[in-house]
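A.B. asks:
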């Protein structure tokens, strides 16, 4: 296998990650964090780049991907949790969000029409997504070798222009980033969905290497990490560059969301040409993400539901995504936040346990204890984000260490793991099967 193949797979992974969330959240962070931009973007990059790449590396240890990883808790949990992850990053949230951002930044500036135009756009958009997703074996060539270089050039035009054509001054940090900018950026990185998306994308990357003849586990992990490094450099550069544009836009007006900030920056820098450039960026980013997620959902559900073929699954995914996309971007974002707040801590704990498993022989009791305790806290956080009445539990959760940093689940996870370790020791659990490779 040639080194160039690893680079192309890294480009593919970058293009799959670089979707709607990667466009609208870093620039929003920039405009809100102001003078605290550097620590804020550092926290954002940690969860938006570091955690997804680590998760992809963790997936390389499992032939059956995320299902086997989560299955260390219990096989049924592995199946249900992974199915939930695919629905979250697929037709319920990420795909409709990507289509909406593409519409608002790539179509609305040029054509009016409201909901009717959104309907027409989404029909065309998802028809193309479906057609490209029919042949996933060509995914690496189509995205990695063609779309990603064009995506880089479009981004480069905006970032370079921001240094010369944006005169706005950096403003003091807003309330969210005034006291703990690093940890505020850390939690903001959840919204990209990249860490949970990597549970799906990881299998695509590993399969690409295996299709090219890589069978040795050590070599597979090393090549996955090398491809991840290519992805990490690209994503970090994009986040820092787009976020910097946001810091220069604070004095240019008031904006409702990241899409509006991007459109405003492009208009200021390049006029109508700027909005066209922005449309190219958004269209490529959102399209590649939607294709990747549709393929991942198709491969996952068609293997587990015998009555449905791959073609039927991707048709269902595109139809559901089409329907949800027509409710609008603001509504999609608002109802996705509680789910992400619930899912992310569980994902982080699973990945951490995968790499730390050598210290406790990957005991299922440790996995179960950590996930059960984490789930209680993340469920509370998710319900609170949804607006449910959780006042009865609020004093308990707020008194946990790191609660002010939105990391109140950390101590319960450690306690649950410790309890599971005690149970493991008491029961003298035998070593796990050889399928658990690390």
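Numbering (UniProt numbering), first residue to last: 1 to 438.
C-beta: ideal position from N, C-alpha, C; glycine also.
On the criterion of 16 or more Cβ atoms from any shown chain inside 10 Å, does residue 323 qualify as buried, or is it exposed?
C.D. replies: exposed
A.B. asks: Exposed or buried, what is residue 357 when buried is set at 16 or more other beta-carbons lying within 10 Å of its beta-carbon?
C.D. replies: buried
A.B. asks: Rounding to the nearest angstrom, what Cα-Cα distance links residue 412 and residue 378 in this structure?
C.D. replies: The straight-line gap from Cα to Cα measures roughly 10 Å.
A.B. asks: How long is the line joining the alpha carbons of residue 245 and residue 216, rounded to whole angstroms?
C.D. replies: 44 Å
A.B. asks: Between residue 501 and residue 41, how many whole angstroms is the CB-CB distance? I'm expecting something under 8 Å.
C.D. replies: Since the first residue of the chain shown is 1 and the last is 438, residue 501 is not available in this structure.
A.B. asks: Report the rounded CA-to-CA distance for residue 291 versus residue 422, giving the unit in angstroms.
C.D. replies: 45 Å
A.B. asks: At which residues does the alpha helix (DSSP H) containing residue 169 begin and terminate?
C.D. replies: No alpha helix (DSSP H) holds residue 169; DSSP gives it neither H nor E.
A.B. asks: Is DSSP giving residue 347 helix, strand or coil here?
C.D. replies: For residue 347, the secondary structure class from DSSP, reduced to helix, strand or coil, is helix.
A.B. asks: Taking all protein chains shown into account, decide if residue 248 is buried (16 or more other Cβ within 10 angstroms of its Cβ) or exposed.
C.D. replies: buried
A.B. asks: How far does the alpha helix (DSSP H) with residue 100 in it reach, from first residue to last?
C.D. replies: 94-106
A.B. asks: Assuming the contact rule is C-beta atoms closer than 8 Å, residue 56 and residue 271 should be a hit. Round their C-beta distance to whole Å, please.
C.D. replies: That belief does not hold up - the Cβ atoms of residue 56 and residue 271 are roughly 40 Å apart, past 8 Å.
A.B. asks: Looking only at its own chain, which residues have a Cβ that is under 7 Å from the Cβ of residue 307, when we skip the five neighbours before and after it?
C.D. replies: none
A.B. asks: Counting only runs of 4+ residues fully inside the segment 8-57, write out the alpha helix (DSSP H) ranges in chain order.
C.D. replies: With a minimum length of 4 residues, the unbroken runs of alpha helix (DSSP H) contained wholly in the segment 8-57 fall at 20-33 and 37-45.
A.B. asks: Is it true that the segment 75-93 meets the segment 193-211, where meeting means three or more beta-carbon pairs spaced less than 8 Å apart?
C.D. replies: yes
A.B. asks: Is residue 231 closer than 8 Å to residue 109 when the C-beta atoms are compared?
C.D. replies: Using a Cβ distance threshold of 8 Å, residue 109 and residue 231 do not count as a contacting pair.
A.B. asks: Can you tell me whether residue 181 is helix, strand or coil according to DSSP?
C.D. replies: helix
A.B. asks: With 16 other CB atoms within 10 Å as the buried threshold, where does residue 4 fall?
C.D. replies: exposed
A.B. asks: Cα separation between residue 132 and residue 161?
C.D. replies: 33 Å
A.B. asks: Can you tell me whether residue 330 is buried or exposed? The criterion is at least 16 other CB atoms within 10 Å of its CB, across all chains shown.
C.D. replies: exposed
A.B. asks: Taking the C-alpha atoms as reference points, what is the distance between residue 25 and residue 59?
C.D. replies: Taking the straight line joining both Cα atoms gives about 26 Å.
A.B. asks: Any idea what DSSP makes of residue 5, helix, strand or coil?
C.D. replies: helix
A.B. asks: Does DSSP put residue 244 in a helix, a strand or coil?
C.D. replies: It is helical.
A.B. asks: Within its chain, find whatever has a CB closer than 6 Å to the CB of residue 187; leave out the 5 residues flanking it on each side and keep chain order.
C.D. replies: Counting only Cβ-Cβ distances below 6 Å, and skipping sequence neighbours, we find 406.
A.B. asks: Which runs of the alpha helix (DSSP H) at least 4 residues long sit entirely within the segment 290-340? Give them in chain order.
C.D. replies: 310-325
A.B. asks: For residue 286 versus residue 101, is the C-beta spacing smaller than 8 Å?
C.D. replies: yes
A.B. asks: So what does DSSP say about residue 118, is it helix, strand or coil?
C.D. replies: helix
A.B. asks: Please state whether DSSP places residue 74 in a helix, a strand or coil.
C.D. replies: coil
A.B. asks: Less than 7 Å separating the Cβ of residue 50 from some heavy atom of the ligand SAH?
C.D. replies: Ligands displayed in this structure: none; no statement on the ligand SAH is therefore possible.
A.B. asks: By the three-class DSSP mapping on this structure, what secondary structure does residue 213 have?
C.D. replies: coil
A.B. asks: Do residue 416 and residue 374 come within 8 Å of each other at the CB atom, strictly closer than that value?
C.D. replies: yes
A.B. asks: What does the alpha-carbon distance come out to for the pair residue 128 and residue 343?
C.D. replies: 30 Å
A.B. asks: With DSSP run on the structure shown, which of helix, strand or coil describes residue 389?
C.D. replies: coil
A.B. asks: Just verifying my parser: in three-state terms, what is the DSSP assignment at residue 401?
C.D. replies: coil
A.B. asks: Would you say residue 346 and residue 327 are within 8 Å of each other, going by their C-beta atoms?
C.D. replies: Against a cut-off of 8 Å, the Cβ pair of residue 327 and residue 346 comes out as no contact.
A.B. asks: Can you find the residues in the same chain that come closer than 6 Å, C-beta to C-beta, to residue 438, ignoring five residues on each side of it along the sequence?
C.D. replies: Caution applies to residue 438, whose pLDDT of 49 falls short of 50 and renders its modelled position unreliable; the model cannot decide the point.
A.B. asks: Tell me which same chain residues have a C-beta within less than 8 Å of the C-beta of residue 402, skipping the five on either side of it?
C.D. replies: 408, 410 and 411
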